[in-house]
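A short worksheet on the structure shown next.
Numbering (my numbering), first residue to last: 144 to 396.
Okay, here's the thing in structure tokens:
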């Protein structure tokens, strides 16, 4: 999972991994300077729930609001950057996203009252109160670590993210934004869903000829790296398909 914030030092992202996997991620991603950002690394000794991430990242966050995304989640859709910008509004509280799914019992599920207002968020309910699952993308203010300290382990022994979100909801400080049909959310936590995501990305890239989620392309268009640095990244990948894609972006301006 990753948690990010922006301050006077630029974009900072903390990547949380198991101790045994961290070396591989560091080898692949480095310190982020190649993309004009900074990557910090946090170990999660044991999988004790998503709310634990805010406890482990408390020093990194240093009281700042943040966005956290789960590493096995994929989002796609026109207008997604604008939706994220709206969620990153800087006011007190938090924003999460509801997505209509056919199998809500696998997720944290949003319960609505008779007027359609959010009244509860339940983790993996046997009888889901709706088909709207909370996606693995959370925009929370700087009180998240303090709130996480008050979360008690669930029956399955985890600090549930739904309990943390419920504390915001109880205080009237949680917005649940529903993602409509124009968005795709894929949770790749199973072999079948990973295959679905791979086929989805492959189809998009083959049809459009555009990469999905290229960190080099994003960094260049955001102005985090210069044209010369982007060209060096393209040269690094030589003649493989990804390097050719970056070269084509340079030629196309």
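Note that beta-carbon positions come from the ideal geometry of N, C-alpha and C, so glycine has one too. Note that this is a predicted model, so its numbers are computed, not measured.
Sequence-distant partners of residue 291 (beyond 5 residues in either direction) whose C-beta falls short of 6 Å from its own C-beta, in its chain, are 194, 197, 198 and 307. Nearest Cα to residue 263 within the set 252, 257, 270 and 331: 252. Residue 184 is positioned such that its CB atom lies closer than 8 Å to that of residue 165. Counting every other CB atom within 10 Å of its CB across the protein chains shown gives residue 170 a total below 16, marking it as exposed.
Within the same chain, and ignoring the five residues on either side of residue 217 in sequence, the residues whose Cβ sits closer than 6 Å to its Cβ are 329 and 340. Distance from the CA of residue 232 to the CA of residue 327, rounded to the nearest whole angstrom, comes to 23 Å. Linking residue 237 to residue 266 through their CA atoms gives a straight-line distance of about 18 Å.
In the three-state scheme derived from DSSP, where H, G and I count as helix and E and B as strand, residue 380 is classed as coil. Three or more Cβ pairs closer than 8 Å define a contact, and the region 172 to 181 falls short of that threshold against the region 283 to 298. Annotation: the region 218 to 296 contains the following complete segments of the alpha helix (DSSP H) (minimum length 4 residues), in chain order: 223 to 230 and 287 to 292.
With 16 or more neighbouring CB atoms inside 10 Å of its own CB, residue 209 falls in the buried class. Cβ contact annotation for residue 234 (same chain, cutoff 7 Å, sequence separation greater than five): none. Approximately 34 Å separates the beta-carbon atoms of residue 224 and residue 188; this is outside 8 Å, ruling out the contact.
By DSSP's assignment, residue 319 forms a beta bridge with 239. Secondary structure of residue 161 (DSSP, three-state): coil.
For residue 214 against residue 301, the beta-carbon gap comes to about 17 Å, at or over 8 Å, which does not count as contact. Where residue 360 is concerned, the enclosing alpha helix (DSSP H) starts and stops at 358 to 365.
Counting only the Cα atoms, residue 363 lies some 21 Å from residue 344. Comparing alpha-carbon positions, the option among 390, 325 and 355 lying closest to residue 370 turns out to be 390. Around the beta carbon of residue 248, fewer than 16 other beta carbons lie within 10 angstroms, which makes this residue exposed. Residue 240 is positioned such that its CB atom lies closer than 8 Å to that of residue 278. For residue 336, the secondary structure class from DSSP, reduced to helix, strand or coil, is helix. Counted as a single uninterrupted DSSP element, the beta strand (DSSP E) harbouring residue 330 occupies residues 326 to 330.
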